[in-house]
Amino acid sequence: MIKIKVCGVTTRRDALLAEAYGADIIGMVFAGSPRRVSVETARKISRALSPFTLKAGIFVDAPEAYVKNTAKRAGLDIVQLHGNESAAYIKRLGPLIVIKAVRVEDAKAARAAAG
33 MIKIKVCGVT TRRDALLAEA YGADIIGMVF AGSPRRVSVE TARKISRALS PFTLKAGIFV
93 DAPEAYVKNT AKRAGLDIVQ LHGNESAAYI KRLGPLIVIK AVRVEDAKAA RAAAG
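Start counting the sequence shown at 33; every next residue gets the next number (the working numbering).
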């Protein structure tokens, strides 16, 4: 089944609009970005959405405690990691759903990413 994720959402209004148009997942950025949101803003966005819409937080090489605390406080279901996080780091994130972005720069990296 295909899921639609709208990422970089910064306002409650935009999140509700994306949800109304069928987004399954709303992504909020917690890494260095012009679209970065505070935990408080993310919590307000999460609380406005249906319980059937998943809430994702995007992180890059963030301390594990920060990711866990932010996920809890902001009401996230998913963490999406875009840095150099290890498999052990990912495993310690516990019951959260984790999406790990992998940079593929050449054929060797593509084979390694494929497992």
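Just so you know, even glycine gets a beta-carbon here, dropped at the ideal spot from N, CA and C.
Residues of its chain near residue i, where Cβ-Cβ distance is below 8 Å and the 5 sequence neighbours each way are ignored
i, result
"Gly54", "Ile36"
"Asn116", "Asp93"
"Gly126", "Lys100"
Beta-carbon contacts of residue i that lie in its chain and below 6 Å, excluding the five residues immediately before and after
i, result
"Leu108", "Lys87 and Gly89"
"Glu51", "Leu81 and Thr85"
Nearest neighbour of residue i, chosen from the options [CA to CA]
i, options, result
"Leu81", "Ala103, Pro66, Val69 and Ile58", "Ile58"
"Val134", "Glu96, Leu128, Arg143 and Phe62", "Arg143"
"Ala119", "Lys132, Leu128 and Pro127", "Lys132"
"Ile77", "Ile34, Glu137, Leu125 and Cys39", "Cys39"
"Ala106", "Asn116, Val41 and Arg75", "Arg75"
"Tyr121", "Ile110, Met60 and Ala97", "Ala97"
"Arg64", "Leu48, Lys123 and Ala94", "In the sequence as presented, Arg is not what sits at residue 64; that position holds Gly. If we check each option's Cα against that of Gly64, Ala94 comes out closest."
"Arg124", "Val99, Lys140, Ala139 and Asp138", "Val99"
Three-state class that DSSP yields for residue i in the structure shown
i, result
"Val41", "coil"
"Lys35", "coil"
"Ala88", "strand"
"Val99", "helix"
Presumed contact (8 Å Cβ cut-off) between residue i and residue j, rounded CB distance
i, j, result
"His114", "Val92", "5 Å"
"Thr102", "Val71", "6 Å"
> For the segment 43-73, which segments carrying the beta strand (DSSP E) assignment without a break, of at least 3 residues, lie completely within its bounds, in sequence order?
Replying inline: Runs found: 57-61.
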